[in-house]
Amino acid sequence: METAYIKTPLGIATIIGDENGISVISVSDEGEISTTIPAVVQEAVTQLNDYFEGKRTNFDFALNPKGTEFQQKVWKGLLEIPFGKTCSYMDLSKKLGDVKAIRAVASANGKNPLWIVVPCHRVIGTDGSLTGYAGGLWRKKWLLEHENPTTQQSLF
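Sequential numbering from 1 applies to the sequence shown in the UniProt record's numbering.
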């Protein structure tokens, strides 16, 4: 496994992967920024930078997250939430075929190892509230606003 640390508007992102794909992308408030980027994570670094610069709305590098079969199913469901859109935990549970699994879906969502790329930040409460987010609600709010900025209306 190779690792790179990059500066983002939301903190220092850690990107871990190998020739099979990226297995972890996380964010923290502090850390050392990499001076060299390993080749196996270079495309992920490039695409994340493009995302933050507003030049990218999807990611197409290889993913290789580690998790249970159920977690993998939930993360795959998250990948289907379009850029700039949100869905509720209930909506996601229904889409995955079991309304009663809402807590399990929320738990798997919280264990998502691929920050931003598997867009768990796009899942909100049924009432539209910003519910728990491992990276902090301020980051979730920032990401949703970045993906769906409201334009100022002109008075004239």
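Glycine residues also receive a C-beta, built at the ideal position from the N, C-alpha and C atoms. Keep in mind that this is a model prediction, so the values were computed, not measured.
Going by beta carbons, Trp142 and Leu48 fall outside the 9 Å limit. The shortest CA-to-CA distance from Ala62 to any of Leu130, Glu19 and Ile116 is the one to Glu19.
In the DSSP assignment, Ala4 falls within the beta strand (DSSP E) that extends over Glu2 to Thr8.
Contact annotation: the stretch 112-121 touches the stretch 61-77, with at least three C-beta pairs closer than 8 Å. Under the DSSP assignment, Ala13 falls in the beta strand (DSSP E) whose first and last residues are Gly11 to Asp18. Ala13 is a Cβ neighbour of Ile25, given a cutoff of 9 Å.
Burial check for Leu92: the Cβ neighbour count within 10 Å reaches 16 or more, so the residue is buried. In the three-state reduction of the DSSP assignment, Gly77 falls in the helix class, which pools H, G and I. Ranking Lys76, Glu147, Gly84 and Thr57 by CA distance to the CA of Lys95 puts Lys76 first. In the three-state reduction of the DSSP assignment, Ser107 falls in the helix class. Taking C-beta atoms as the reference points, Val118 and Leu144 fail to come closer than 9 Å. Of the residues assessed, Asn58 falls on the exposed side of the cut-off, its CB having fewer than 16 other CB atoms within 10 angstroms.
Beta-carbon to beta-carbon, Phe52 and Thr3 are separated by about 19 Å, too far to satisfy the 8 Å threshold. Excluding sequence positions up to five before and after Ile16, its CB lies within less than 6 Å of the CB of Met1, Thr3, Ser23 and Val24, all in the same chain and listed in chain order.
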